[in-house]
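For reference, the structure is listed below as structure tokens.
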């Protein structure tokens, strides 16, 4: 299991304030990162981190979460990072309650972004900001400070998940959800095949033209035209 963590300035105007970013690996079509408070970066010494896709059983799309497990214990004893952090800093979670991400970014695991709410009944829905406001959000600023991932060219070797949240060996056009390919954007398909696809490589998917245009300066360096296999037509039977 390979993972990496680093510290970045959350905002040039906030001198001395650091955030931790953990590389989770690939899921839903791109490399994912988790955002942590600086004090929690030391967790990478004990835990391995990876991305997990959770598919909504009611057909409302999917979400990506950071998952962690003890390096010496294995995945079976692992848990979602937001739950791990809540229990570490705030204590156990009582039955009937759950931890949510207030800004809707499910890999932003800063304690300021986590809240404990009732697991049943009507609850407030927190969604990621839209438009320019989301581009000024802490998560967007942090992710955009990262250098271009050196593993970007292997983007065609991606984890694919079916409607049950299970990893499948190959892409199945009818059952795989994708997240917008632009690195800081966390918009994910709510319906299968909802996002547009790069017409050249037939791999990268985007939630809209804005993100596709923003991502093009990097994506064009690795975008290669996808060649379709030439199928020989069978001669008519005589």
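In my numbering, the protein residues as written are 193 to 430.
Glycine residues also receive a C-beta, built at the ideal position from the N, C-alpha and C atoms.
Rounded to whole angstroms, residue 258 and residue 244 show a C-alpha spacing of 6 Å. Taking C-alpha positions only, residue 303 is separated from residue 368 by approximately 31 Å.
In the structure shown, residue 244 falls within a strand segment according to DSSP collapsed to helix, strand and coil. Counting only the Cα atoms, residue 337 lies some 17 Å from residue 408. Excluding its 5 nearest sequence neighbours in each direction, residue 219 has C-beta neighbours in its own chain below 6 Å: 243, 245, 256 and 351, listed in chain order. Residue 401 counts as exposed, since fewer than 16 other C-beta atoms from the protein chains shown sit within 10 angstroms of its C-beta. Per DSSP, residue 335 lies in no beta strand (DSSP E); the unbroken alpha helix (DSSP H) holding it starts and ends at 330 to 336. Each residue's CA atom was taken as its position, placing residue 414 and residue 378 some 21 Å apart. Under the three-state reduction of DSSP output, residue 277 falls in the helix class. In the DSSP assignment, residue 210 falls within the beta strand (DSSP E) that extends over 210 to 219. Counting along the chain, residue 309 sits inside the beta strand (DSSP E) bounded by residues 306 to 310. Contact between residue 370 and residue 221 holds, since their C-beta atoms are separated by about 4 Å, short of 8 Å. Here residue 308 is exposed, its C-beta having fewer than 16 other C-beta atoms within 10 Å.
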